Structures are given as structure tokens and as C-alpha cells.
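First the structure, in the form of C-alpha cells, and then the observations on it.
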Amino acid sequence: MPLLWPEVGEPHRVHKVYVYGNSEPNVWVDITATIEHKIAALKQHASQMGDWDPTERIQGWNAEVGKEKEMEYAESFRVITLVQPEDDD
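In the numbering used here, the protein residues as written are 727 to 815.
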């Protein structure tokens with residue numbers, strides 16, 4: 727099949743998909759160093775958040791996830807591998 731825009735190059739191939747909020751996670755990411763950025767970014771969604779301050783809920787939720795892997799704060803994902811990097815060639 728010809729490329730729609732050949733001057734742009736080959737299409738990107740997604741190797742992995744990270745699914746957040748999955749009941750069977752297989753990857754945990756330590757977000758201790760960035761949780762304040764996460765909370766600040768969430769607060770910028772004023773039309774969705776209104777006057778509600780998500781700090782306690784976010785800290786509590788991510789602390790609970792972090793406990794599983796001995797991290798202060800963490801997020802968990804189910805990672806699905808679609809294409810192995812060596813299959814790109």
C-alpha cells in the first residue's frame with residue numbers, strides 16, 4: 727500500500743500500550759519525585775475540577791499503589807507488547 731505522505735517517512739509502529747487503571751497491573755512506576763506536578767496539572771482542569779482539591783485523594787490513591795512495591799507514591803499499568811523492537815526491521 728502506498729504511503730499517503732511519503733515525504734514524511736515510514737509510519738510509526740507502537741511497540742507497547744500502557745493501560746492505566748487495570749485490575750491486573752504488571753508494571754509500577756515510582757512517581758514520588760513528580761506527584762506534586764501531577765496534582766498541579768490536575769488542578770489546571772478548572773472546568774472539570776471546580777473548587778475541589780484532589781490532593782488528598784491523589785496522594786492516598788498513589789500511596790496505596792506504591793505500598794505494593796515499597797514506593798512512597800506509584801502508578802500501576804498493564805503493559806501490552808504489540809511489536810518487539812527487533813521486529814521493526
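Where is the CB? At the ideal position from N, CA and C, for every residue including glycine.
Keep in mind the model is a prediction, meaning the values are calculated, not measured.
Item: For Ala772, name the three-state secondary structure that DSSP assigns.; Value: helix
Item: Is DSSP giving Trp787 helix, strand or coil here?; Value: helix
Item: Are there 16 or more other CB atoms within 10 angstroms of the CB of Pro728, so buried, or fewer, so exposed?; Value: exposed
Item: What is the DSSP secondary structure of Ala767, reduced to helix, strand or coil?; Value: helix
Item: Using a threshold of 8 angstroms, state whether the C-beta atoms of Ile765 and Tyr799 are closer than that.; Value: no
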